[in-house]
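The structure under discussion appears below in the form of structure tokens.
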Amino acid sequence: MEPQLELVQIHSGESFIVWAHGYPFRTVRWHFHPEYEIHLITDTNGHYFVGDFIGDFVPGNLVMTGPNLPHNWISDVPEGTTIPRRCIVLQFTQTFIESCIGVFPELEPVATLLDESRRGLLFRPEAGETARKVLTALLNAHGAERIALFVQLLGLLTADRGRKNLTSAGYLPDPSAYMSGGMNRALAYVGEHLEGNMSEGAIAAIAGMTPGGFSRAFKRHTGMTFVHYVNRMRINLACQLLMSEKSPVTDICFRIGFNNLSNFNRHFALQKGMSPSRFRALFNENRTANFAA
Numbered sequence: 001m002e003p004q005l006e007l008v009q010i011h012s013g014e015s016f017i018v019w020a021h022g023y024p025f026r027t028v029r030w031h032f033h034p035e036y037e038i039h040l041i042t043d044t045n046g047h048y049f050v051g052d053f054i055g056d057f058v059p060g061n062l063v064m065t066g067p068n069l070p071h072n073w074i075s076d077v078p079e080g081t082t083i084p085r086r087c088i089v090l091q092f093t094q095t096f097i098e099s100c101i102g103v104f105p106e107l108e109p110v111a112t113l114l115d116e117s118r119r120g121l122l123f124r125p126e127a128g129e130t131a132r133k134v135l136t137a138l139l140n141a142h143g144a145e146r147i148a149l150f151v152q153l154l155g156l157l158t159a160d161r162g163r164k165n166l167t168s169a170g171y172l173p174d175p176s177a178y179m180s181g182g183m184n185r186a187l188a189y190v191g192e193h194l195e196g197n198m199s200e201g202a203i204a205a206i207a208g209m210t211p212g213g214f215s216r217a218f219k220r221h222t223g224m225t226f227v228h229y230v231n232r233m234r235i236n237l238a239c240q241l242l243m244s245e246k247s248p249v250t251d252i253c254f255r256i257g258f259n260n261l262s263n264f265n266r267h268f269a270l271q272k273g274m275s276p277s278r279f280r281a282l283f284n285e286n287r288t289a290n291f292a293a
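Listed below in structure tokens is the structure:
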């Protein structure tokens with residue numbers, strides 16, 4: 001079974017993303033992404049899969065995966081059971097972490113950690129317990145505190161001499177082969193063409209599927225309909241543009257693929273709880289306050 005591409009969105013103004021999710025959840029599937037990932041299980045037991053490795057996990061299971069390394073955690077719970085928070089996930093790009101190492105020589109030991117993570121890394125339970133406190137704090141951290149906690153996390157992972165690789169020495173992920181899958185081609189196309197017009201039928205053709213089959217498969221893959229997914233991605237892009245540019249809201253609306261301003265405002269309010277203009281005003285207020293401080 002081919003792993004599926006997960007599109008990781010690290011927003012403008014953030015160096016990395018840290019978030020928590022429950023179980024079941026849309027990302028609980030055999031998948032990969034170009035970003036590094038630090039993954040901590042906080043609840044449930046089960047089986048996990050990293051490359052060609054299969055193992056058992058319990059709360060405190062702390063794993064780091066390198067770029068494009070397929071992975072998945074499946075909890076052993078009764079059918080129909082819902083777990084509010086099963087894990088905490090932190091993801092960052094290779095470009096970001098390499099720039100950090102280039103600026104701060106003290107982070108040079110992290111390069112070894114990154115290299116080892118390409119085969120998957122399992123850390124000792126003691127490291128998992130310490131990481132839980134740091135990751136939990138990161139969920140609500142802002143500004144310089146966020147960066148300090150991130151560096152602290154890298155430090156404790158680097159210091160764990162009991163960490164061990166998971167995949168076999170000869171295992172090499174092949175993202176070019178993964179991307180041959182129809183759904184992965186479709187998701188990659190959507191991510192690269194948010195600013196243009198696209199129809200579900202046209203994307204289904206890119207995936208090599210019938211419209212009906214694509215619609216059902218897309219819902220299983222992402223947990224939402226195609227239209228909902230595209231709108232969510234476009235609103236996220238709008239937020240980045242509102243924070244980084246001075247372009248009028250109307251220009252941004254049409255630029256990201258919406259056909260009229262009222263529809264854009266409605267979808268923006270549904271996702272962000274405010275209008276695009278209010279979002280930009282609050283962001284500018286916060287930026288001004290930071291400069292004044």
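Read in order, the letters of the sequence shown correspond to residues 1 to 293 in the UniProt record's numbering. Note that beta-carbon positions come from the ideal geometry of N, C-alpha and C, so glycine has one too.
8 Å contact criterion, which residue i and residue j should meet: CB distance rounded
| i | j | result |
| --- | --- | --- |
| residue 50 | residue 33 | The Cβ separation is near 13 Å, so there is no contact. |
| residue 17 | residue 8 | 7 Å |
Residue i (DSSP reduced to helix, strand or coil)
| i | result |
| --- | --- |
| residue 42 | coil |
| residue 282 | helix |
| residue 4 | strand |
| residue 240 | helix |
| residue 290 | Note on residue 290: pLDDT 47, under 50, position unreliable in the model; the coordinate value appears next. If DSSP states are grouped into helix, strand and coil, residue 290 belongs with the helices. |
| residue 37 | strand |
| residue 251 | helix |
| residue 231 | helix |
| residue 277 | helix |
| residue 74 | strand |
| residue 23 | strand |
| residue 211 | helix |
| residue 256 | coil |
| residue 84 | strand |
| residue 196 | coil |
| residue 171 | coil |
| residue 267 | helix |
Residues that residue i bridges to, as DSSP identifies them
| i | result |
| --- | --- |
| residue 262 | BP columns for residue 262 are empty, so no partner. |
| residue 121 | 64 and 165 |
| residue 30 | DSSP output for residue 30 lists no bridge partner at all. |
| residue 91 | 17 and 37 |
| residue 55 | 48 |
Own chain residues within Cβ distance below 8 Å of residue i, not counting five before or after
| i | result |
| --- | --- |
| residue 225 | 215, 218 and 219 |
| residue 164 | 121 and 122 |
| residue 58 | 41 and 45 |
| residue 300 | As shown, the chain starts at 1 and ends at 293. That puts residue 300 outside it, with no answer to give. |
Close beta carbons around residue i, own chain, < 7 Å, minus the five adjacent residues each side
| i | result |
| --- | --- |
| residue 53 | 120, 166 and 167 |
| residue 175 | 32 and 68 |
| residue 197 | 257 |
Spatial neighbours of residue i in its chain, beta-carbon cut-off 6 Å, leaving aside the 5 residues before and after
| i | result |
| --- | --- |
| residue 261 | 250 and 253 |
| residue 201 | 211 |
Checklist entry - Within the chosen definition, does the segment 69-89 reach the segment 20-30 through at least 3 CB pairs nearer than 8 Å? => result At 8 Å Cβ cutoff, the stretches touch.
Next on the checklist: Check whether the segment 213-226 and the segment 180-188 touch, using three or more Cβ-Cβ pairs below 8 Å as the test.
Outcome noted: Output reads yes: the segment 180-188 touches the segment 213-226.
Checklist entry - Would you say the segment 152-162 touches the segment 42-58, given that touching needs at least three Cβ pairs under 8 Å? => result The segment 152-162 vs the segment 42-58: no contact.
Next on the checklist: Tell me whether the segment 99-108 and the segment 56-66 touch, counting them as touching only if at least three CB pairs, one residue from each stretch, are closer than 8 Å.
Outcome noted: Taking 8 Å as the limit for Cβ pairs, the verdict is that the segment 56-66 does not touch the segment 99-108.
Item to check | Cβ contact check for the segment 277-286 and the segment 237-249: 3 or more pairs under 8 Å | outcome: When C-beta atoms of the segment 277-286 are compared with those of the segment 237-249, three or more pairs fall below 8 Å, so the two segments count as touching.
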